[in-house]
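As numbered in this note's numbering, residues 143 to 489 make up the sequence shown, in order.
Quick reminder that beta carbons are idealized off the backbone N, C-alpha and C, glycines included.
This structure is a prediction, so every number in the text was calculated from the model and none was measured.
What follows is a set of notes on a single structure, which appears directly below.
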Amino acid sequence: MNKKTFTLGIFGGGQLGKFLVQSAKKLNIRTFVFTDSVDSPAIYYCDDFIISSYENKKKLDFFIKNIDLATFEFENIPFKTLDYVEKKINVSPKPTIIKILQDRLKEKTFLNSIGIKTTEFYYLKKVDKKKISNNFFPALVKTIRLGYDGKGQVFFKNKKHFLKHSFKNKEYIIEKLINFKKEISVVISRYKEKSVSFDAFENLHKHQILQKSHAPANISPKLNNQAKEIAKKIADKLNYTGTMCVEFFVTKKNELLVNEIAPRVHNSGHLTMNAHNVSQFENHIRAVCNLKLKKPKRIHKAIMYNILGNDIKKYRSKETATKEFFYDYGKKEIKNKRKMGHLTKIF
Ligand code: AMP
């Protein structure tokens, strides 16, 4: 192992890790991936990797010894792991930020405390279920931790239905279902008080999983600027370093509600690889590795389709048209609804 060269450690080895590693390579930065899964697309592209549980101290110590700083591609890396690493080496973004954003209750409470609107919600442990008004429904119950792509979410059409349900010991919030006009996201990169962001992307979800994203979003310049301002406010308040994504609901009254913050590069930003002068991945690497951020400029209109589960087989044997870019994540196991690849079309 050649530790003389500056080496960036990355926790997580999924497709986001793979694209980060490729961007680092472009910038002549060595990468060392730490993943807990053998089926990790990033390990084929990085300079070194470890496959181990995130709790294995011996492996973590070896990792720390062989990297100059660490980042991650997945926010559910255990806080304890990131905190352990942070005591010995710089981790960007900071693990304390992850502690807030790994927890839907802490995340929404933080957002509301800085004057940013979210959906209405209750913490189920602290509320008398019977007192929730009928008008609050339909609603979604979400686990506080480890829920993504619709995992850990239950839909309740009405209060009767909700009161009948028995919840296990996990912690939950209940959130009012929004009859939104559309969903958008802003990807922002920040380094040392300076930040740059992409104009909003417009996103369509199916069964709570992102189906497609397009740029530019079909919204007014005013709403686009508002969304970018909110993303900046969040990044500044968190004193964030790196790339993050803020997902919004646009209500029928053109109000912006923050649904979620992803403290990492994001699926809706995949199209930046083909449609912009700089990708969300490159700006993440730039931010965490102390390089100057590039101001994003869109060169093409673009649409990105996620390829889930068995659909990947069709795409693997299909020709791609001019101005189409097909990405196969190379995951070994095809699972229903698993993100296996994506296709970006530019216009
Ligand atoms: P989440 O896991 O919270 O990011 O939710 C994934 C997707 O589910 C969102 O992007 C929405 O399409 C949908 N969703 C989640 N929460 C709500 C809500 N309160 N009202 C309407 N749709 C929602």
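Start-to-end residues for the alpha helix (DSSP H) that takes in Thr414 | Thr414 to Ala417
How about the stretch 292-311 and the stretch 326-340: do they share at least three Cβ pairs that are nearer than 8 Å?
-> Not touching, per the Cβ criterion.
Segment limits, alpha helix (DSSP H) that includes Tyr457 | Asp453 to Ser459
Taking 8 Å as the threshold, find out whether the stretch 208-221 comes into contact with the stretch 147-156 through three or more Cβ pairs.
-> The stretch 208-221, when compared against the stretch 147-156, does touch it at the 8 Å Cβ threshold.
With distances taken between CB atoms, is the gap from Tyr265 to Leu247 smaller than 7 Å?
-> yes
What residue does the beta strand (DSSP E) around Ile192 start on, and which one ends it?
-> For Ile192, the enclosing beta strand (DSSP E) stretches over residues Asp190 to Ile193.
At which residues does the beta strand (DSSP E) containing Asp470 begin and terminate?
-> Counting along the chain, the unbroken beta strand (DSSP E) around Asp470 starts and ends at Glu466 to Asp470.
Determine the closest residue to Leu365 out of Lys310, Arg406, Asn208 and Lys323, with distance taken between C-alpha atoms.
-> Lys323
Any non-hydrogen atom of the ligand AMP closer than 6 Å to Glu402 Cβ = Because some heavy atom of the ligand AMP lies under 6 Å away, the Cβ of Glu402 counts as near it: yes.
Can you tell me which of the three DSSP states Tyr265 falls into?
-> strand
Proximity below 7 Å, CB of Ile449 to CB of Met482 | Contact flag set, yes.
Reference Thr414; option with closest CA among Ile256, Phe148, Leu162 and Thr147 | Leu162
Where Arg428 falls, given that 16 or more other Cβ within 10 Å makes a residue buried = So Arg428 counts as buried.
Should Val531 and Gln422 be called a contact, given that it needs their Cβ atoms to be closer than 7 Å?
-> Outside the shown range of the chain (143 to 489) lies residue 531, about which nothing can therefore be said.
Got a sec: does the ligand AMP put a non-hydrogen atom nearer than 6 Å to the Cβ of Gln368?
-> no
Consult DSSP for Leu305 and reduce its assignment to one of helix, strand or coil.
-> helix
Any idea which residues DSSP pairs Gln295 with across the strands?
-> Lys284
Asn90, enclosing beta strand (DSSP E) - first and last residue | The structure shown does not extend to residue 90, since the chain is modelled only from 143 through 489, so no value can be given for it.
Have a look at the DSSP bridge pairing and note the partners of Val420.
-> Answer by DSSP bridge pairing: none, since Val420 is not bridged.
Using CA coordinates, which residue listed in Lys299, Arg287, Ile258 and Lys479 is at the minimum distance from Phe278?
-> Lys299
For the ligand AMP, is there a heavy atom less than 6 Å away from the beta-carbon of Thr285?
-> no
Heavy atom of the ligand AMP less than 6 Å from the Cβ of Glu217, yes or no?
-> no
Name the one or two DSSP bridge partners that His484 has.
-> Answer is Asn448 and Tyr469.
3-residue-minimum beta strand (DSSP E) runs that sit fully inside the stretch 362-410, ordered along the chain = Listed in chain order, they are 384-392 and 398-404.
Would you mind sorting Arg332 into buried or exposed? The rule is 16 or more other CB atoms within 10 Å of its CB.
-> buried
Which runs of the alpha helix (DSSP H) fall wholly inside the stretch 200-270 and span at least 4 residues, in chain order?
-> 221-228, 237-243 and 246-255
Do Leu450 and the ligand AMP come close, with the Cβ less than 6 Å from some heavy atom?
-> Leu450: no, Cβ never under 6 Å from the ligand AMP.
Is any heavy atom of the ligand AMP found at a distance shorter than 6 Å from the C-beta of Gln350?
-> yes
Beta-carbon spacing of Asn416, Thr486 below 7 Å = yes
Buried/exposed call for Asp178, threshold 16 Cβ in 10 Å | In this structure Asp178 is buried. Its beta-carbon is surrounded by 16 or more other beta-carbon atoms within 10 angstroms.
Identify whether Tyr187 lies in helix, strand or coil by the three-state DSSP scheme.
-> coil
Own chain partners of Gln244 with C-beta closer than 7 Å, once the 5 adjacent residues on each side are dropped = The residues are Glu217, Asn218, Phe221 and Arg287.
Three-state secondary structure (DSSP) at Ala463?
-> In the structure shown, Ala463 sits in coil (DSSP, three-state: anything other than H, G, I, E or B).
With respect to 6 Å, is the separation between the Cβ of Thr261 and the closest non-hydrogen atom of the ligand AMP below this value?
-> yes
Expressed to the nearest angstrom, what Euclidean distance is found between the alpha-carbon atoms of Ile258 and Lys375?
-> 9 Å
Just curious, the beta strand (DSSP E) that Ala357 is in, first and last residue?
-> Ile351 to Ala357
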